[in-house]
Amino acid sequence: MAQTRSNAFNNIIAQFNEPWKRYIAFAVIIALLLMAPISLGPYATVILTNALLYVVLALGLNVAVGYAGLLDLGYAAFFAVGAYTVGILTNTFGLNFWLTLPIAVGAAAVAGIIIGTPTLQLRSDYLAIVTLGFGEIVRFSARNLDITGGASGISGIEQPWLFGWHINTPFEFYYVFLLLAIIAVVVSVRLQHSRLGRAWLYVRHDEDAAEAMGIDTVRIKLAAYVIGAIFGSVAGVFFAVNLGAISPESFSFQQSVLILMAVILGGMGKIPGVILGAFIVVLAPELLRDLGEYRLLLFAVGLLLVMLFRPNGIWSVKGK
Amino acid sequence: MSTQTETILELENVTAGYGKIVALNGISLTVKTGAMVTLLGANGAGKTTTLKTISGLVRVSGGAVRFESADITQIPAHEIARRGLVHVPEGRHVLRGLSVRENLELGAFTVKDPALRHKRMKEVFELFPVLEKRQHGDGSLLSGGEQQMLAIGRALMHGPRLLLLDEPSMGLAPKLVIETMRIAKQLSEAGTTILLVEQNARLALKLAHYGYVLESGHICMEGEAATLRVDKSIVQAYLGE
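Sequence lines, in order, name chains C and P. Take 9 as the starting number for the first sequence in our numbering and just add one per residue. Take 22 as the starting number for the second sequence in our numbering and just add one per residue.
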């Protein structure tokens with residue numbers, strides 16, 4: 009019984025193996041998301057904006073975890089780097105928001121290289137430990153430094169202007185995040201099918217064989233780590249201006265785990281799976297809100313069941 | 022073999038080890054272009070370590086490795102592979118979950134010219150028709166012998182000028198052992214220089230031009246394969262009878 013049900017589910021997923029069906033599905037989803045705020049109202053719009061933020065974050069982490077097989081337990085650190093870069097530069101130094109964006113990207117890349125270069129030479133287990141530490145260092149630094157506003161963080165971050173248009177309502181931010189999520193999906197697809205994507209595939213499957221065939225495995229892994237960092241940082245930038253205030257607790261270990269959960273739950277390395285995972289991680293606790301304190305318990309049981317019955321994630325297609 | 026032939030690979034007094042354990046205790050050997058050279062020795066004598074040292078997977082602690090006259094002692098493994106020195110490691114390393122074809126494509130990853138990649142794929146399929154037949158199947162579902170062919174085929178996709186083969190016949194049925202050796206001979210005759218590590222010393226000495234015998238990290242004997250094959254101490258230690 010369980011077997012046939014899971015087969016039926018696989019069949020649904022397999023429907024999307026054909027490109028034209030996938031494009032139609034993609035178009036329908038985007039159309040629905042474009043109309044969502046109008047029909048669902050402000051509360052749902054805020055929740056959906058959050059889900060789209062997680063789509064960007066999960067797709068970014070997926071580059072490292074799903075594509076290159078690097079277990080990163082401190083991904084929220086890059087999210088923090090982006091958020092604090094924009095917070096500090098616009099508030100303390102009065103820089104224009106759009107100027108801070110490339111700086112945030114650069115800062116994330118530098119942080120990724122500093123952490124990645126020594127650790128990616130080691131076995132992947134060490135990377136997990138080092139990134140875990142890195143995540144905590146960033147959070148503790150943010151809490152204890154004056155420039156980051158200590159435990160209370162930074163507030164009053166100005167919302168951006170774009171050619172005379174002030175992006176400042178939840179509805180506008182919803183569309184900003186929708187655009188970001190679409191860009192993240194397009195970049196992810198392009199990366200997956202690039203030469204770099206092939207190299208990641210080989211490194212993930214067998215590092216020694218890849219090295220023996222002339223692939224610079226350390227550089228390839230560093231590329232994945234840094235690209236993932238940049239996704240996280242850009243998400244952090246827009247997160248900061250959307251809320252207008254940031255504090256260290258937004259970038260906790262729990263946050264890293266939640267993003268990782270979105271990646272693993274949906275199906276590592278598979279873009280539709282990761283998107284699905286991000287939506288589940290954000291929407292499930294909301295949908296279960298009526299259950300009060302039991303909702304986290306139910307959520308946890310649900311996660312366990314998914315991992316038991318679909319260990320490769322919900323969106324796991326046979327073969328690939 | 023004429024003495025004028027060029028030396029493609031030269032090890033000079035190479036020492037290497039794992040942590041405090043010394044595995045190679047001053048190895049010197051040369052491989053001439055176009056030759057097939059075999060490394061013999063008991064388990065743990067340092068045969069695999071020698072190959073890993075050459076291909077950069079194990080760091081050299083002393084001495085020098087030269088490939089086509091260039092010092093490659095301190096060069097990272099992927100860079101050595103790019104220069105045309107390709108190691109087919111023991112245990113085949115077939116990529117699970119990827120098709121036979123994708124496994125072969127890994128070998129040609131650094132080959133930028135698509136026409137050349139295509140040509141090499143055709144050559145590999147000619148050499149191993151079974152791989153063509155099963156090109157879309159999962160590489161890890163092949164039999165042991167077929168996986169070995171896949172591992173060698175992948176190395177050939179790279180276009181190696183020197184091929185290091187580590188125990189290609191390990192774990193194969195006797196008939197397949199002979200088949201593997203036939204392939205090694207065929208490659209050698211087609212012009213690929215081969216350094217072969219092989220448990221089956223009798224077979225290896227039949228195919229190779231020259232042989233080195235390793236014993237606890239140093240070379241205790243070397244000579245033309247035909248000479249070694251009839252040498253008393255070799256016969257006693259490695260060939261039985």
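Virtual Cβ for every residue (Gly too), placed ideally from N, Cα, C.
Close Cβ partners of residue i (< 7 Å) along its chain, the five nearest in sequence each way excluded
| i | result |
| --- | --- |
| residue 183 (chain C) | none |
| residue 145 (chain P) | 125, 152, 174, 177 and 178 |
| residue 143 (chain C) | 81, 82, 84, 85, 261 and 264 |
| residue 129 (chain P) | 138, 141, 178 and 179 |
| residue 56 (chain P) | 22, 214, 230 and 231 |
| residue 226 (chain C) | 128 and 129 |
| residue 19 (chain C) | none |
| residue 54 (chain P) | 26, 27, 29 and 214 |
Where the alpha helix (DSSP H) through residue i begins and ends
| i | result |
| --- | --- |
| residue 235 (chain P) | First-last for residue 235 (chain P): 231 to 236, but that is the beta strand (DSSP E), not the alpha helix (DSSP H). |
| residue 175 (chain P) | 165 to 178 |
| residue 187 (chain P) | From DSSP, residue 187 (chain P) is part of no alpha helix (DSSP H) but of the beta strand (DSSP E) over 183 to 187. |
| residue 297 (chain C) | Residue 297 (chain C) -> no alpha helix (DSSP H), and no H or E assigned at all. |
| residue 319 (chain C) | Where residue 319 (chain C) is concerned, there is no enclosing alpha helix (DSSP H), given that its DSSP letter is neither H nor E. |
| residue 263 (chain C) | 261 to 274 |
| residue 312 (chain P) | Nothing about residue 312 (chain P) can be read from this structure; chain P reaches only from 22 to 262. |
| residue 259 (chain P) | That residue, residue 259 (chain P), is in no alpha helix (DSSP H); it is neither H nor E in DSSP. |
| residue 34 (chain C) | 27 to 70 |
| residue 278 (chain C) | Unbroken run through residue 278 (chain C): none, as it is neither H nor E. |
| residue 76 (chain P) | 68 to 76 |
| residue 126 (chain C) | 105 to 127 |
| residue 24 (chain C) | From DSSP, residue 24 (chain C) is part of no alpha helix (DSSP H); its letter is neither H nor E. |
| residue 98 (chain C) | 84 to 99 |
| residue 63 (chain P) | Segment: none, residue 63 (chain P) is in no alpha helix (DSSP H) and carries neither H nor E. |
| residue 223 (chain P) | 222 to 228 |
Bridge partners - residue i, DSSP secondary structure assignment
| i | result |
| --- | --- |
| residue 57 (chain P) | P:215 |
| residue 88 (chain P) | P:30 and P:91 |
| residue 145 (chain C) | Paired residue(s): none; residue 145 (chain C) is not in a bridge. |
| residue 43 (chain P) | P:38 |
| residue 52 (chain P) | P:30 |
| residue 174 (chain C) | C:169 |
| residue 205 (chain P) | In the DSSP output, where bridge partners are listed per residue, residue 205 (chain P) has none listed. |
| residue 159 (chain P) | P:120 |
| residue 83 (chain P) | P:36 |
| residue 253 (chain C) | C:163 |
Outcome for residue i when other beta-carbon atoms lying within 10 angstroms are tallied against a minimum of 16
| i | result |
| --- | --- |
| residue 207 (chain P) | exposed |
| residue 222 (chain P) | buried |
| residue 247 (chain P) | exposed |
| residue 229 (chain C) | buried |
| residue 118 (chain P) | exposed |
| residue 92 (chain C) | buried |
| residue 27 (chain C) | exposed |
| residue 25 (chain C) | exposed |
| residue 233 (chain C) | buried |
| residue 251 (chain P) | exposed |
| residue 30 (chain C) | exposed |
| residue 141 (chain P) | buried |
| residue 172 (chain P) | buried |
| residue 309 (chain C) | exposed |
| residue 104 (chain C) | exposed |
| residue 134 (chain P) | exposed |
| residue 66 (chain P) | buried |
| residue 149 (chain P) | buried |
| residue 185 (chain C) | buried |
| residue 53 (chain C) | buried |
| residue 32 (chain C) | exposed |
| residue 177 (chain C) | exposed |
| residue 197 (chain C) | exposed |
| residue 196 (chain P) | exposed |
beta-carbon residue i near the ligand GTP non-hydrogen atom, thresh 7 Å
| i | result |
| --- | --- |
| residue 99 (chain P) | Within the structure as shown, the ligand GTP is missing, as the structure has no ligands at all. |
For residue i, the first and last residue of its enclosing beta strand (DSSP E)
| i | result |
| --- | --- |
| residue 242 (chain P) | 239 to 245 |
| residue 29 (chain P) | 28 to 39 |
Cutoff 6 Å; reference residue i; Cβ partners in own chain excluding five residues on either side
| i | result |
| --- | --- |
| residue 233 (chain P) | 50, 60, 240 and 243 |
| residue 189 (chain P) | 169 and 201 |
| residue 290 (chain C) | 58, 59 and 62 |
| residue 156 (chain C) | 92 and 150 |
Residues of its chain near residue i, where Cβ-Cβ distance is below 8 Å and the 5 sequence neighbours each way are ignored
| i | result |
| --- | --- |
| residue 327 (chain C) | With a pLDDT of 39 at residue 327 (chain C), under the threshold of 50, the modelled position of this residue cannot be trusted; read the value that follows with caution. Here the set comprises nothing. |
| residue 205 (chain C) | 75 and 199 |
| residue 120 (chain C) | 86, 230, 233, 234, 236, 237 and 238 |
Which runs of the alpha helix (DSSP H) spanning at least 4 residues fall entirely within the region 98 to 155 of chain P, listed in chain order?
98 to 103, 121 to 128, 135 to 148 and 150 to 154
Jot down the residue ranges of each uninterrupted alpha helix (DSSP H) in the region 204 to 233 of chain C, minimum 4 residues, whole runs only, in chain order.
215 to 220
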